[in-house]
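Q: This structure is in structure tokens; I'll ask about it shortly.
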Amino acid sequence: MSDEHDLNKYRNINYDTRQSCSVCGFKNTVPVLELPALPLTEVFINQPGIPTLGETDQSLHCCPKCGHAQLQNVLDQSLLYSSKTGYEFRSSQSYTGRKTAEFFKQFLTSLNFKEHYNCALEVGCNDAYLLKELKPIAKELIGIDPILKGHEADINDEQVTVYGEFFESCNVSQSPDLVICKDVIEHVTDPKALIQELVSVAKNNALFLIQVPIWDKLVENYNFDHVFHQHLNYFSLASFTTLLESLGCSLIDWTVNEQHWNSAIFAFTNQTAATKGRIQTVDIESVGASIRVFQHQMQACELALETAARQLPVYGYGAALMLPVIKYHFPNQLDVISQIFDDNPNRNGQYYLNSTTPIVSTECAEGLNDAAVMLTAFSSRLNAKRMLARLSNEIQPKQIYYPFSLLSGTI
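For the sequence shown, the tail end lands on 411 under UniProt numbering, and the numbers increase by one without skipping.
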């Protein structure tokens, strides 16, 4: 992906503009965070990046009626996802993936909804790691994920059947009594339509578990670096409950995995609740105050790095998928960082679309113990803890910077 022809698709990216809330349809959503020239994430190239490449204006809006937050501009989905097969990012091979699956399974067990299920369906199953973990409690398990196309035979067995297709294109013969959708709904332009489809294929009184990043916690913990082009929807407890009630469903319970992107797991059934309660939405003033704290922390961290740069070389540690957005929120976009070190040797010599800062394998690192190093990969608390421990105990630079040290709920 390094020649000029391939890079041209990241110039002047097409997008559609949303006109109303994707949960309740309210038309007068309120812009709370303008993000001009927000860069794309999750793309690496084999040559120095070009300023403005992959950058597109974005705006985060809140719905004052139901409390939902969403991106205003929906970028060309074929561009966002066409360059990835996705199968290389396997849950079973990821420490974070395994830990979040364990948390998910524990929450499912705690519900005591059923001892055993006839058919479990997971939409967006990745490599079916979670599905296989559920074998003891389900007779049949079905997984659907387009990244599995061509890999189905590697996973299928007497209990598990996977389809390398999109859910809309897949004809599921069984009616599941357990439906799981993990880290998918936030990417979908019309989340209500997808959940309605899930409800329509399930048995009556089925159990549904849907995991999404939760707006309430994002605001509470000042995590505005978690807002990026691929995540179109940011559900709050209020907006998700509103969505369920509009579909004749009822919330049973919910929890938050504080270690994983502040993700919420909502458990619900496709039966109407006997009573409906009003849930307080996140107010716009609280959002504005949270944004200001976040911005001040970014400014303080960059000032400290620039001060350190007068005496020491300054490096980043962790070529995170989200790093372009993280850098975006610093006033000078971390231009004092001369190199980004990463433990993945396959990243050596790569760059981000809009950056000329090289990524270097930590195997090639020299002189880090006489440098200032900022942790640049911290979207997950689990990952941040692991990498900070490695910085402190193994790499041992002269100074370590973690930009969210003053913020709650980040480590």
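Beta carbons: idealized from backbone N, C-alpha and C, even for Gly.
Quick check: what's the CA-CA separation for residue 205 versus residue 172?
A: In a straight line, the C-alpha of residue 205 is about 18 Å away from that of residue 172.
Q: Check whether the Cβ of residue 311 lies closer than 6 Å to any heavy atom of the ligand GDP, and answer yes or no.
A: Among the components modelled here there is no ligand, and therefore nothing to report on the ligand GDP.
Q: To the nearest angstrom, how far is it from the Cα of residue 7 to the Cα of residue 119?
A: Whole-angstrom Cα-Cα distance: 44 Å.
Q: From this set, 387, 51, 122 and 67, which residue's C-alpha is nearest residue 344's C-alpha?
A: Ranking 387, 51, 122 and 67 by Cα distance to residue 344 puts 387 first.
Q: Just mark residue 385 as buried or exposed, buried being the case when its beta carbon has 16 or more other beta carbons within 10 Å.
A: It is exposed - the Cβ of residue 385 has fewer than 16 other Cβ atoms within 10 Å.
Q: Quick check on DSSP: helix, strand or coil for residue 5?
A: The pLDDT assigned to residue 5 is 49, lower than 50, so where the model puts this residue is not dependable; a value taken from the coordinates is nonetheless given after this. Note: residue 5 maps to helix in three-state DSSP.
Q: Taking all protein chains shown into account, decide if residue 182 is buried (16 or more other Cβ within 10 angstroms of its Cβ) or exposed.
A: So residue 182 counts as buried.
Q: When the Cα atoms are used, what is the spatial distance from residue 317 to residue 96?
A: Approximately 18 Å, taken between the alpha carbons.
Q: Between residue 10 and the rest of its own chain, which residues show a CB-CB distance below 8 Å, the 5 nearest in sequence each way excluded?
A: Cβ neighbours of residue 10 beyond the five flanking positions: 40, 43, 53, 54, 79 and 353.
Q: Spatial neighbours of residue 49 within its chain, please: CB distance less than 8 Å, with the 5 preceding and 5 following residues excluded, ordered by chain position.
A: Excluding residues within five positions, the ones whose Cβ falls inside 8 Å are 351, 352, 353, 354, 355 and 356.
Q: How big is the Cα-Cα spacing for residue 200 and residue 242?
A: For residue 200 and residue 242, the distance between alpha carbons rounds to 18 Å.
Q: Check whether the region 324-332 and the region 27-40 touch, using three or more Cβ-Cβ pairs below 8 Å as the test.
A: The region 324-332 is in contact with the region 27-40.
Q: Under the DSSP definition of a beta bridge, which residues are partnered with residue 443?
A: The structure shown does not extend to residue 443, since the chain spans only 1 to 411, so no value can be given for it.
Q: Using beta carbons (cut-off 7 Å, strictly below), is residue 161 in contact with chain D?
A: Absent from the structure is chain D; it holds one protein chain and no more.
Q: Do the region 225-238 and the region 146-158 touch if we need at least three Cβ pairs shorter than 8 Å?
A: Counting Cβ pairs under 8 Å, fewer than three are found: no touch.
Q: Among all the DSSP beta bridges, which residues are the ones paired with residue 342?
A: Its beta-bridge partners are 361.
Q: Assess, as a yes-or-no matter, whether the region 187-202 is touched by the region 294-307 under the definition of 3 or more beta carbon pairs within less than 8 Å.
A: Short answer: they don't touch.
Q: Determine, using beta-carbon pairs with one atom in the region 129-145 and one in the region 109-117, whether at least three such pairs fall under 8 Å.
A: Contact between the region 129-145 and the region 109-117 is present, because at least three Cβ pairs lie under 8 Å.
Q: Check whether the Cβ atoms of residue 477 and residue 313 lie closer than 7 Å to each other.
A: The first residue shown for the chain is 1 and the last is 411, placing residue 477 beyond what the model contains.
Q: Decide if residue 369 is buried, meaning its Cβ has at least 16 other Cβ atoms within 10 Å, or exposed.
A: Burial call: exposed.
Q: Run through the DSSP bridge pairs and tell me what residue 74 is partnered with.
A: For residue 74, which the question treats as bridged, DSSP gives the partners 16.
Q: When the Cα atoms are used, what is the spatial distance from residue 374 to residue 227?
A: Answer to the nearest angstrom: the Cα atoms are 21 Å apart.
Q: Could I get the ranges of all uninterrupted beta strand (DSSP E) runs contained in the region 254-338, with 3 residues as the minimum, in chain order?
A: Within the region 254-338, the complete beta strand (DSSP E) runs of at least 3 residues are 263-269 and 314-317.
Q: From the DSSP secondary-structure annotation, give me the bridge partner or partners of residue 27.
A: BP columns for residue 27 are empty, so no partner.
Q: What is the DSSP secondary structure of residue 367, counted as helix, strand or coil?
A: Here residue 367 sits in coil by DSSP.
Q: Unbroken beta strand (DSSP E) runs of length 3 or more, entirely within the region 112-195: which are they?
A: Segments of the beta strand (DSSP E) lying fully in the region 112-195: 117-123, 138-144, 160-163 and 178-182.
Q: The beta strand (DSSP E) spanning residue 208 covers which residue range?
A: It spans 207-213 - the beta strand (DSSP E) in which residue 208 sits, taken as one unbroken run.
Q: Which residues does DSSP list as the beta-bridge partners of residue 415?
A: The requested residue 415 is not part of the displayed model; the chain covers only 1 to 411.
Q: Taking all protein chains shown into account, decide if residue 282 is buried (16 or more other Cβ within 10 angstroms of its Cβ) or exposed.
A: So residue 282 ends up on the buried side.
Q: I'd like the span of the beta strand (DSSP E) that includes residue 396, first residue to last.
A: It is not in any beta strand (DSSP E) - residue 396 carries neither H nor E in the DSSP assignment.
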